[in-house]
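Peer 1: Protein chains in written order, with the working numbering: chain A, 1 to 214; chain B, 1 to 158.
No residue lacks a Cβ here, since even glycine has one placed at the ideal position from N, Cα and C.
All values reported here derive from a predicted model rather than from experimental measurement.
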């Protein structure tokens, strides 16, 4: 980094340089937001926002087609993992644009408050296999406050013997809560797995029983 | 090229430097517009970007081009003549860097030196990066930085 500075006295140059680095011009307001302009120009492929909920911070993302992601954020690792996966799955043209997620945020808030029993949101399930889509559709048909078994979901999805495969498909649900894979349990009443961990699964089921989450 | 980082990360990591670079080169009056144009142009080109190894340099290159475009457009516009009684700040002279006395001296330098100093000390660019942003040789980039520093020192002594 010291290239080409030898002709100028070291002392005076470094002081001037430091002053230039430290005194860099700033505007009080900082850089403007570009999300609105990007939307107008048709250049935004994925918008995202976070939502605080009784089951932790959620990351929500949508495309022009609809809601594409609900993800539980790991407080240690933050949003970067989820964003990188969205970039690979959908498009790297991703911006933080909370206003574009106002509707899903509102519906989820109502759900957590016990005031909403089903979601009225277009979904973007692009990139999923047809089987996964059938399984998710079967899970979405389980009414609020009720549960079904993995085998039942597999049967509705057209694979009567595919309980384990259905479990895997539910594990890759990109929009948990909205597609209620937490309502799918083992035949013996065991909780089974959940993308956000079983304590969250239990909390969501408790909300739907009119109990308090957690 | 797959596996490009999410574009929001480019803004989070480099947005402030791009903005300050534009304030220093084009002034507060047009920096925000140039900033938006820079990032929209980057967003448009992003999915086809082949080499993502120096995203900061890539953004500053676009910003430099937008600043030149804005300066040319300004030169083509008729000089605003203040009507009697018209004291609206629309006729505010540019470029006017906010804050940093030294940078207001930089604003008075010829545009090549101004851009080179801004890339060097705001963008934290190596000479090779300055050269690629300004489409010149590393040697010419180094000369512009040094000539700019020399003139600044003269001005500061006055």
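Should the stretch 151 to 158 of chain B be regarded as contacting the stretch 125 to 134 of chain B, the criterion being three or more beta carbon pairs within less than 8 Å?
Peer 2: Contact fails: fewer than three Cβ-Cβ distances are below 8 Å.
Peer 1: So with CB distances below 8 Å, who are the chain A contacts of residue 243 (chain B)?
Peer 2: Because chain B is modelled from 1 through 158, residue 243 (chain B) falls outside the range shown and cannot be assessed.
Peer 1: Can you determine whether any heavy atom of the ligand FAD sits closer than 6 Å to the C-beta of residue 156 (chain B), and answer yes or no?
Peer 2: The ligand FAD is not part of the structure shown, which contains no ligands of any sort.
Peer 1: Can you find a C-beta in chain A that's less than 7 Å from the C-beta of residue 32 (chain B)?
Peer 2: Answer yes: the Cβ-Cβ gap between residue 32 (chain B) and chain A drops below 7 Å somewhere.
Peer 1: How would you list, in chain order, the residues of chain A whose beta-carbon sits under 8 Å from the beta-carbon of residue 8 (chain B)?
Peer 2: Simply 48, 83, 94, 95, 96.
Peer 1: Is residue 15 (chain B) near residue 32 (chain A), with beta carbons less than 7 Å apart?
Peer 2: Against a cut-off of 7 Å, the Cβ pair of residue 32 (chain A) and residue 15 (chain B) comes out as no contact.
Peer 1: Along chain D, in chain order, which residues have C-beta atoms closer than 7 Å to that of residue 113 (chain B)?
Peer 2: Included in the structure are the protein chains A and B, with no chain D among them.
Peer 1: Anyone know if the C-beta pair for residue 46 (chain A) and residue 175 (chain A) falls short of 7 Å?
Peer 2: Not closer than 7 Å, so no.
Peer 1: How long is the line joining the alpha carbons of residue 37 (chain B) and residue 71 (chain B), rounded to whole angstroms?
Peer 2: So the alpha carbons of these two residues sit roughly 14 Å apart.
Peer 1: Run the CB neighbour count on residue 15 (chain A), radius 10 Å, all protein chains shown included, and call it buried at 16 or more, exposed below.
Peer 2: So residue 15 (chain A) counts as exposed.
Peer 1: So what's residue 171 (chain A) in DSSP terms, helix, strand or just coil?
Peer 2: Looking at residue 171 (chain A) - three-state DSSP - the assignment turns out to be helix.
Peer 1: Identify every run of the alpha helix (DSSP H) within the stretch 100 to 157 of chain A, keeping only runs that are complete inside it and at least 4 residues long; order them along the chain.
Peer 2: Counting whole runs of 4 or more residues, the stretch 100 to 157 of chain A contains the alpha helix (DSSP H) stretches 102 to 112, 130 to 140, 150 to 156.
Peer 1: Which first and last residues belong to the alpha helix (DSSP H) in which residue 111 (chain B) is found?
Peer 2: Residue 111 (chain B) -> alpha helix (DSSP H) spans 111 to 121.
Peer 1: Let me make sure I understand the geometry here. Which of A:152, A:85, A:147 has the alpha-carbon closest to that of residue 206 (chain A)?
Peer 2: Measuring from the Cα of residue 206 (chain A), the nearest candidate turns out to be A:147.
Peer 1: Closer than 7 Å by C-beta to residue 92 (chain B): which residues in its own chain qualify, once you throw out the five before and the five after it? Chain order, please.
Peer 2: Unreliable positioning characterises residue 92 (chain B) in this predicted model, as indicated by a pLDDT of 39, which lies under 50. A coordinate reading is not provided.
Peer 1: Do three or more CB pairs link the stretch 159 to 179 of chain A to the stretch 131 to 140 of chain A at distances below 8 Å?
Peer 2: Yes, the stretch 159 to 179 of chain A touches the stretch 131 to 140 of chain A.
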